[in-house]
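**Q** For reference, each letter of the sequence shown is one residue, going 52 to 440 in our numbering.
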Amino acid sequence: MDSTGKYNKSDWLKLRRKVLANKYHDTSQAYETIRGMLSTLDDPYTRFLDPKEFKELQIDTSGELTGIGIQISIDSNTKDIIVIAPIEGTPAFKAGIQPNDIIVSIDDTSTKGMGVEDVVKLIRGKKGTSVKIGILRGKKILVLSLLRDRISIRSVTSRLNKSNTGINIAYIRIRQFSSNSANELRNSLSSLKQNNPDAYIIDLRSNPGGLLEASIDMSRQLLDKGVIVSTKTKDGIRDVRRATGNALISKPLALLVNEASASASEIMSAAIQDNNRGILVGKKTFGKGLVQSVRPLVDGSGLTVTVAKYLTPKGIDIHKNGISPDIEASISKRNKTNISANQLGTSLDNQYSVAVSALSKLLSQKPKYKSFIPKIANYSMALEIPTSF
Numbered sequence: 052m053d054s055t056g057k058y059n060k061s062d063w064l065k066l067r068r069k070v071l072a073n074k075y076h077d078t079s080q081a082y083e084t085i086r087g088m089l090s091t092l093d094d095p096y097t098r099f100l101d102p103k104e105f106k107e108l109q110i111d112t113s114g115e116l117t118g119i120g121i122q123i124s125i126d127s128n129t130k131d132i133i134v135i136a137p138i139e140g141t142p143a144f145k146a147g148i149q150p151n152d153i154i155v156s157i158d159d160t161s162t163k164g165m166g167v168e169d170v171v172k173l174i175r176g177k178k179g180t181s182v183k184i185g186i187l188r189g190k191k192i193l194v195l196s197l198l199r200d201r202i203s204i205r206s207v208t209s210r211l212n213k214s215n216t217g218i219n220i221a222y223i224r225i226r227q228f229s230s231n232s233a234n235e236l237r238n239s240l241s242s243l244k245q246n247n248p249d250a251y252i253i254d255l256r257s258n259p260g261g262l263l264e265a266s267i268d269m270s271r272q273l274l275d276k277g278v279i280v281s282t283k284t285k286d287g288i289r290d291v292r293r294a295t296g297n298a299l300i301s302k303p304l305a306l307l308v309n310e311a312s313a314s315a316s317e318i319m320s321a322a323i324q325d326n327n328r329g330i331l332v333g334k335k336t337f338g339k340g341l342v343q344s345v346r347p348l349v350d351g352s353g354l355t356v357t358v359a360k361y362l363t364p365k366g367i368d369i370h371k372n373g374i375s376p377d378i379e380a381s382i383s384k385r386n387k388t389n390i391s392a393n394q395l396g397t398s399l400d401n402q403y404s405v406a407v408s409a410l411s412k413l414l415s416q417k418p419k420y421k422s423f424i425p426k427i428a429n430y431s432m433a434l435e436i437p438t439s440f
């Protein structure tokens with residue numbers, strides 16, 4: 052890149068000659084050189100993956116893996132490896148691993164200083180083999196021995212809830228945007244519609260994102276018209292993606308978001324918010340507004356390369372800024388520690404309860420006919436509610 056940030060072919064050819072002139076004794080040295088080159092771009096999302104890492108990336112987006120069934124992240128302040136959530140029905144879920152547990156060791160190896168990818172490598176393994184996980188929960192250290200199993204990641208789960216005010220809420224949790232997520236959402240909506248819910252709540256909390264096309268397809272199932280997202284390259288080439296008029300639902304809608312709702316989650320959130328299709332409840336989102344292209348290399352390794360940034364329907368660049376919810380609502384630190392995965396989307400979940408209250412107020416203004424697409428004025432009225440209980 053030159054001083055203006057544009058591609059400079061002359062500089063690239065010089066760098067290429069310099070790197071190729073080096074002698075590498077093994078592939079690991081070559082890999083480290085590539086990583087060093089990419090680090091100069093100051094873009095953590097443009098990265099080189101060795102064959103094992105690249106295979107794991109493909110597994111993550113395919114929806115199937117072998118392990119214990121937890122989603123993990125790294126605390127930006129403490130650098131601890133924390134559990135976002137165990138996946139229902141998996142060894143981790145059955146063993147009682149909880150959101151916000153801190154993973155301190157794997158098979159007696161400390162996780163101090165490790166990144167998420169390092170921890171994932173140690174946790175995954177052949178089906179039927181055991182792995183010992185050290186957990187810090189509050190002030191207690193727990194050591195759990197789990198058997199690895201094939202994990203079919205169901206990224207979309209749903210159920211019908213009845214609120215204290217008597218309205219039927221279709222609750223849908225989307226854990227990530229993988230290759231099968233759009234079909235899973237379509238099936239969930241089809242099943243829920245048979246029960247004629249009064250409103251929908253879609254939970255995107257701690258959803259790290261995933262595939263761009265999946266988020267667009269899924270947003271089209273919720274939104275009948277309007278821009279969903281636009282992508283813009285460094286050269287200014289813009290691609291605008293729109294709703295197709297084939298939304299599957301038209302009842303009132305709320306999305307739950309938090310600080311770990313990122314990337315594809317933010318695409319859906321902005322599409323719903325900017326088109327006045329529904330309300331966002333929770334905390335400000337993560338702020339990842341870059342699009343990566345995944346490129347396999349001949350030896351099985353690969354690259355993820357930032358190729359564009361995306362803009363919300365209103366043309367806003369949310370990268371490193373995030374999206375502010377319409378109604379800010381928190382889960383206390385104590386409740387974060389104590390609430391389990393199967394208690395999300397219940398009366399024990401404060402953010403969910405705030406969304407239910409907003410939708411209840413909105414529905415009290417509902418005209419007496421089956422299909423109801425609220426006007427933004429009605430949504431504005433629903434925002435005037437207390438955000439804590």
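For glycine and all other residues, C-beta sits at the position ideal for the given N, C-alpha and C.
Does the count of Cβ pairs from the segment 365-376 and the segment 112-126 closer than 8 Å reach three?
**A** no
**Q** Secondary structure at residue 62, three-state DSSP: helix, strand or coil?
**A** Counting from one through the sequence shown, the residue named residue 62 turns up at place 11. In this structure, residue 62 counts as helix in the three-state DSSP scheme.
**Q** Let me check one thing: in DSSP terms, what residues is residue 162 bridge-paired to?
**A** Within the sequence shown, numbered from 1, the residue matching residue 162 stands at position 111. Its beta-bridge partners do not exist; DSSP assigns none.
**Q** Compute the distance between the beta-carbons of residue 274 and residue 326, then report whether it is under 7 Å.
**A** Working through the sequence shown from its first residue, we reach residue 274 at position 223. Working through the sequence shown from its first residue, we reach residue 326 at position 275. Yes, Cβ-Cβ distance for residue 274 and residue 326 is below 7 Å.
**Q** To the nearest angstrom, how far is it from the Cα of residue 409 to the Cα of residue 178?
**A** As a position in the sequence shown, residue 409 is number 358, starting the count at 1. As a position in the sequence shown, residue 178 is number 127, starting the count at 1. Near 45 Å, if we compare the C-alpha coordinates of residue 178 and residue 409.
**Q** From residue 190 to residue 110, what does the alpha carbon distance come to, in whole angstroms?
**A** In the sequence shown, residue 190 corresponds to position 139, counting from 1. In the sequence shown, residue 110 corresponds to position 59, counting from 1. As the crow flies, the alpha-carbon of residue 190 is around 34 Å from that of residue 110.
**Q** Hey, quick one: how far does the alpha helix (DSSP H) through residue 257 stretch, first residue to last?
**A** Here residue 257 corresponds to residue number 206 of the sequence shown, with the count starting at 1. Counting along the chain, residue 257 falls outside any alpha helix (DSSP H), and DSSP gives it neither H nor E.
**Q** Per the contact definition of three or more C-beta pairs closer than 8 Å, is the segment 240-255 in contact with the segment 301-310?
**A** By the criterion of at least three beta-carbon pairs nearer than 8 Å, the segment 301-310 is in contact with the segment 240-255.
**Q** How would you label residue 75, buried or exposed, when you count the other beta carbons within 10 angstroms and need 16 or more for buried?
**A** Walking along the sequence shown from the start, residue 75 turns up at place 24. Residue 75 should be labelled exposed.
**Q** Would you mind stating whether residue 221 and residue 236 have Cβ atoms separated by less than 7 Å?
**A** In the sequence shown, counting from the first residue as 1, residue 221 sits at position 170. In the sequence shown, counting from the first residue as 1, residue 236 sits at position 185. Cβ distance not < 7 Å, so residue 221 and residue 236 don't count as in contact.
**Q** Within a Cβ cutoff of 6 Å, which residues of the same chain sit near residue 292, ignoring the five residues on either side of it in sequence?
**A** Reading the sequence shown from its first residue, position 241 is the one you call residue 292. Within the same chain, residue 292 has close Cβ partners 267, 279, 280.
**Q** Check whether the Cβ atoms of residue 233 and residue 265 lie closer than 7 Å to each other.
**A** Position 182 of the sequence shown holds residue 233. Position 214 of the sequence shown holds residue 265. For residue 233 and residue 265, yes; Cβs fall inside 7 Å.
**Q** Exposed or buried, residue 130, counting other C-beta atoms within 10 Å across all chains shown (16 or more means buried)?
**A** By one-based count along the sequence shown, residue 130 stands at place 79. Exposed, by the Cβ-count rule.
**Q** Just mark residue 88 as buried or exposed, buried being the case when its beta carbon has 16 or more other beta carbons within 10 Å.
**A** Along the sequence shown, read from residue 1 onward, the residue named residue 88 stands at position 37. Residue 88 should be labelled exposed.
**Q** Can you find the residues in the same chain that come closer than 7 Å, C-beta to C-beta, to residue 419, ignoring five residues on each side of it along the sequence?
**A** Here the question's residue 419 lines up with position 368 in the sequence shown. Bear in mind that a pLDDT of 46 at residue 419, under 50, signals an unreliable position, so the model cannot answer this.
**Q** Measuring only the C-alpha atoms, how far is residue 415 from residue 335?
**A** By one-based count along the sequence shown, residue 415 stands at place 364. By one-based count along the sequence shown, residue 335 stands at place 284. Between residue 415 and residue 335, the C-alpha separation is close to 28 Å.
**Q** Since residue 347 is in the alpha helix (DSSP H), which residue starts that stretch and which ends it?
**A** As a working note, residue 347 is residue 296 in the sequence shown. First-last for residue 347: 341-347, but that is the beta strand (DSSP E), not the alpha helix (DSSP H).
**Q** What does the Cβ neighbour count give for residue 321, buried or exposed, with the cut at 16 atoms within 10 Å?
**A** On the sequence shown, position 270 is the one that residue 321 refers to. In the assembly as shown, residue 321 is a buried residue. Its beta-carbon has 16 or more other beta-carbons within 10 Å.
**Q** Could you tell me the distance, in whole angstroms, from the CA atom of residue 78 to the CA atom of residue 72?
**A** Counting from 1 along the sequence shown, the entry for residue 78 is found at position 27. Counting from 1 along the sequence shown, the entry for residue 72 is found at position 21. C-alpha separation (whole angstroms): 15 Å.
**Q** Which residue wins for smallest C-alpha separation from residue 323, given the options 225, 299, 364?
**A** Locating residue 323 in the sequence shown gives position 272, where the first residue counts as 1. The residue with the shortest Cα to Cα distance from residue 323 is 364.
**Q** Taking DSSP as the reference, what is the three-state secondary structure of residue 210?
**A** The count along the sequence shown starts at 1 and reaches residue 210 at position 159. Looking at residue 210 - three-state DSSP - the assignment turns out to be strand.
**Q** Assuming residue 219 is part of the alpha helix (DSSP H), what are its boundary residues?
**A** For the purposes of this step, residue 219 is taken as residue 168 along the sequence shown, with counting starting at 1. Taken as a continuous stretch (DSSP letters only), residue 219 belongs to no alpha helix (DSSP H), being part of the beta strand (DSSP E) at 219-225.
**Q** Please classify residue 405 as buried or exposed, where buried requires at least 16 neighbouring CB atoms within 10 angstroms.
**A** Translated into the one-based positions of the sequence shown, residue 405 becomes position 354. With 16 or more Cβ atoms within 10 Å of its Cβ, residue 405 is classed as buried.
**Q** Return the bridge partner residues of residue 117 from the DSSP annotation.
**A** In the sequence shown, the residue the question calls residue 117 occupies position 66. Per DSSP, 201.
**Q** What does the alpha-carbon distance come out to for the pair residue 259 and residue 297?
**A** Walking along the sequence shown from the start, residue 259 turns up at place 208. Walking along the sequence shown from the start, residue 297 turns up at place 246. Each residue's alpha carbon lies about 26 Å from the other.
**Q** At what residues does the alpha helix (DSSP H) containing residue 271 begin and finish?
**A** Working through the sequence shown from its first residue, we reach residue 271 at position 220. Looking at the DSSP string, the run of the alpha helix (DSSP H) that includes residue 271 is 263-271.
**Q** Cα separation between residue 160 and residue 166?
**A** Here residue 160 refers to the residue found at position 109 when the sequence shown is read from its first residue. Here residue 166 refers to the residue found at position 115 when the sequence shown is read from its first residue. Near 14 Å, if we compare the C-alpha coordinates of residue 166 and residue 160.
**Q** Can you tell me which of the three DSSP states residue 416 falls into?
**A** As a working mapping, residue 416 is identified with position 365 in the sequence shown. Correct three-state label for residue 416: coil.
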